[in-house]
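Those protein sequences? They're chains A and B, same order as listed. Numbered per my numbering, the first sequence spans residues 4 to 324. Numbered per my numbering, the second sequence spans residues 4 to 324.
Protein chains: 2
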Amino acid sequence: MALNEPFEQWRSVVALAGGVGGAKFADGLARCLPAERLTVIVNTGDDFRHYGLAISPDLDTVMYTLGGVANVVNGWGLDGDSAQMLGMMKRYGDDAWFGLGDKDVATHLLRTQWLMQGVTLTEVTRRLASALGIQARLLPMSDDPAPTLINTVEQGLLAFQEYFVHQRWQPTLQAHPAPIVYPNNVRATSQVLDALQHADLIILCPSNPMLSIDPILNLPAVRDAISQRRVPCIAISPLIGGQAVKGPAAKIMAELGLEVSANGIAQYYGNLIDGIVIDTVDQRTSNSKQTLATDILMRTVDDRARLAREVLQWITQSANP
Amino acid sequence: MALNEPFEQWRSVVALAGGVGGAKFADGLARCLPAERLTVIVNTGDDFRHYGLAISPDLDTVMYTLGGVANVVNGWGLDGDSAQMLGMMKRYGDDAWFGLGDKDVATHLLRTQWLMQGVTLTEVTRRLASALGIQARLLPMSDDPAPTLINTVEQGLLAFQEYFVHQRWQPTLQAHPAPIVYPNNVRATSQVLDALQHADLIILCPSNPMLSIDPILNLPAVRDAISQRRVPCIAISPLIGGQAVKGPAAKIMAELGLEVSANGIAQYYGNLIDGIVIDTVDQRTSNSKQTLATDILMRTVDDRARLAREVLQWITQSANP
């Protein structure tokens with residue numbers, strides 16, 4: 004393989020991502036592939052308004068990560084950010100439950116203002132990502148509001164960030180009538196559908212399947228586009244040894260009676276995926292998916308690139324036996 | 004005079020104020036009078052939207068000053084504030100010409116959100132001032148948008164902050180048809196009119212007469228309420244030795260062909276005022292106003308209280324000869 008043409012077989016790689024885990028793997032891909040061959044489609048089901056600001060947590064996490072400006076301790080937010088605004092909010096009697104750094108506020112102010120002017124979220128994201136020097140294509144799944152709701156035993160339906168951040172995903176999911184509600188009538192953007200139709204490789208990043216990937220898959224035409232494709236689609240497990248690397252994936256799967264393991268992830272995605280990447284600590288099981296077992300925990304930036312490279316090599320070998 | 008009842012003759016003191024100079028004198032009054040006897044009416048002609056935020060520079064300067072949280076170097080903004088948000092704005096390609104501290108943004112976010120919910124600016128200001136522990140009554144002159152426009156030789160009409168901050172008040176005012184345009188149909192609030200009607204002492208703080216005090220005076224019913232009153236109305240000169248302590252007062256008066264002096268200030272206010280407070284460096288002139296000459300430069304917090312005390316003593320003596 005020529006150094007200048009890494010993984011030249013894959014001309015159009017599309018990754019679906021949520022927050023921190025997805026962002027890290029997407030960044031790994033960006034470090035292995037020429038920018039023009041990578042599109043990252045990001046969940047916006049967790050977007051919400053706070054202090055009147057239009058906040059897109061997953062989109063920002065992916066953007067800051069790809070831009071090399073993310074806070075490496077949290078995974079989200081900006082490196083070197085401060086919390087003076089939130090401190091003043093507390094002085095005004097607000098409980099300031101949602102972490103908004105001072106630099107971070109600039110992102111939300113520009114987004115809010117541009118959306119109010121009628122600019123699409125896709126174009127807002129393009130402008131912000133471009134200013135941060137991001138060359139891969141970063142696409143919100145939709146330009147429509149697409150608020151995911153969580154159905155809890157304790158409190159019924161909760162807005163996503165109320166469940167996820169304010170109550171630190173402690174409420175229990177309730178399976179009936181549905182544990183997670185994705186709003187109807189949300190349209191994938193034409194850019195998203197176009198990217199999927201022209202993809203020659205689709206990757207479900209190590210994000211929460213229910214909270215981060217399903218909001219994308221459940222958009223009309225998206226699941227069909229992936230199901231009917233003739234190109235490989237693989238997932239990277241967000242679970243290692245039955246534990247989520249970050250967030251409530253394991254807790255939610257247990258609450259829904261699913262097998263809490265990498266195998267459970269493969270079963271959950273079912274026929275949508277051709278293969279799954281799991282950690283070496285996890286057992287290969289009897290499921291018929293092709294499986295790559297490797298170290299999937301991304302501690303460092305180098306880990307991201309190493310994992311992405313291994314995944315691309317494995318897919319290349321599997322596709323060219 | 005009993006210590007517990009300072010200046011007991013004045014049960015309802017109303018001060019009209021603009022930005023830094025007015026804020027300092029209003030703070031001096033707040034240090035001399037029981038809070039329930041002081042109302043400060045603040046110019047909102049310099050209010051504007053920036054990054055979608057509803058910003059009230061004069062109101063915030065007075066509020067931060069009375070709250071004891073103002074930046075003492077600038078006179079405006081919050082003590083110990085930082086500029087991370089603006090730094091990020093620059094990274095996004097914005098020129099960040101208007102100073103907005105990170106803590107300061109909290110004020111604007113809450114104001115913007117509450118205004119959008121239909122809360123009046125008067126009530127927004129009450130909530131914010133109350134949280135900062137301010138006990139004197141702080142009133143915006145109006146709940147209506149009241150944007151002052153500046154008519155310049157070089158560029159015609161300019162929005163106030165475009166002239167004042169972005170172009171650092173360098174353009175030259177043009178007298179015809181009018182150097183400064185105050186919008187019609189802006190209503191003083193009922194709280195403002197009520198305070199003026201019940202005032203037993205009215206003070207025009209050392210603010211720019213054209214840019215800060217006139218927007219208040221030019222509201223329908225305000226000038227009449229002050230003209231027809233039977234209570235003392237005095238002004239403190241914003242000029243010392245023919246120079247503005249801060250801002251463009253002297254430059255504007257020169258451009259308009261007015262006498263650039265404390266005497267010129269007295270002439271400008273004309274019959275509206277009964278007396279004027281000038282600096283000892285300035286000459287008492289032949290104008291018929293009662294005049295107090297003292298050190299009117301407020302360098303320290305103690306200066307504010309000392310000047311306010313001297314002014315109140317002088318008015319008390321003048322009213323009780």
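Heads up, the beta-carbon is just placed ideally off N, CA and C, and yes, glycines get one too.
Using 8 Å as the limit for Cβ to Cβ distance, is A:Val108 near chain B? yes
Going by alpha carbons, who is nearest to A:Lys106 out of A:Asn74, A:Asp61, A:Gly25, A:Gln120? A:Asn74
Other residues of its chain near B:Gln12: CB distance less than 8 Å, five sequence neighbours each side excluded: Asp203, Thr319, Ala322, Asn323
Beta-carbon within less than 8 Å of B:Ser15's beta-carbon, same chain only, minus the 5 sequence neighbours each way: which residues are those? Arg40, Thr42, Ala198, His201, Ala202, Asp203, Leu204
Pull up the DSSP beta-bridge partners for A:Ala296, would you. A:Ile281
Using a Cβ cut-off of 9 Å, pull out every chain A residue sitting near B:Thr115, in sequence order please. Tyr54, Gly55
For the pair the segment 108 to 117 of chain B and the segment 52 to 69 of chain B, tell me if three or more CB-CB distances fall below 8 Å. yes
Which two residues bound the contiguous beta strand (DSSP E) that contains A:Gly159? 159 to 162
Interface flag, B:Tyr67 vs chain A, CB-CB below 8 Å: no
When A:Pro235, A:Leu142, A:Tyr166, A:Arg171 are compared against A:Ile183, the one with the closest alpha-carbon: A:Tyr166
Any chain A beta carbon closer than 8 Å to B:Asp305: no
Taking A:Ala132 as the reference, which of A:Asp147, A:Gly71, A:Val76 has the closest Cα? A:Gly71
Looking at the secondary structure, which residues open and close the alpha helix (DSSP H) in which B:Pro3 lies? Residue 3 of chain B lies beyond the stretch modelled for chain B, which goes from 4 to 324, so this question has no answer here.
Would A:Ala1 and A:Phe28 qualify as a contact pair, given that the criterion is a beta-carbon distance under 8 Å? Any answer about residue 1 of chain A is impossible in this case: the structure gives chain A only from 4 up to 324.
Flag A:Ala73 as yes if its beta-carbon sits less than 8 Å from any beta-carbon of chain B, otherwise no. no
Start and end residues, alpha helix (DSSP H) containing B:Arg309: 304 to 322
Supposed close pair A:Ala342, A:Asp277 - CB separation, criterion 8 Å: There is no way to answer for residue 342 of chain A, as the model of chain A reaches only from 4 to 324.
Per-residue contacts from B:Asp84 into chain A (C-beta, under 9 Å): Gln87, Met91
Of the listed residues A:Leu207, A:Tyr271, A:Gly48, nearest to A:Val189 (C-alpha basis): A:Gly48
For A:His53, which residues does DSSP report across the bridge? A:Leu56
Counting only the same chain and skipping the five closest in sequence on each side, list residues whose C-beta sits under 6 Å from that of B:Ile137. Leu69, Gly70
Determine the contact status of A:Thr192 and A:Asp146, defining contact as a CB-CB distance below 8 Å. yes
Could you say which of A:Pro150, A:Val284, A:Ala162, A:Glu157 lies nearest to A:Thr175 if we only look at CA atoms? A:Glu157
N- and C-terminal bounds of the beta strand (DSSP E) containing A:Pro143: 140 to 143
Please tell me whether B:Ser59 and B:Pro143 are closer than 8 Å, where the distance is taken between their beta carbons. yes
Cα-Cα separation between A:Leu242 and A:Ile299, rounded to whole angstroms: 9 Å
Among B:Gly96, B:Met66, B:Ala99, the one whose alpha carbon lies nearest that of A:Tyr95: B:Met66
Pull up the distance between the alpha-carbon of A:Leu259 and that of A:Val23, whole angstroms please. 23 Å
Would a C-beta distance cut-off of 8 Å place B:Met91 and B:Leu103 closer than the cut-off? no
Buried or exposed for A:Asn274, going by 16 or more other Cβ atoms inside 10 Å? exposed
Whole-number beta carbon distance between A:Ala20 and A:Ala26, since they are thought to touch under 8 Å: 6 Å
Proximal residues, the segment 133 to 157 of chain A versus chain B, C-beta separation under 7 Å: Ala134
If you follow the alpha helix (DSSP H) that A:Ala128 is part of, which residue opens it and which one closes it? For clarity, residue 128 of chain A is Thr in the given sequence; the question names Ala instead. A:Thr128 -> alpha helix (DSSP H) spans 124 to 134.
Mind checking whether B:Gln246 and B:Ala257 have CB atoms under 8 Å apart? no
List the residues of chain B whose Cβ lies closer than 7 Å to the Cβ of A:Leu131, in chain order. Tyr95
Assign A:Ser230 to buried or exposed, taking buried as 16 or more other Cβ atoms, counted over all protein chains shown, within 10 Å of its Cβ. exposed
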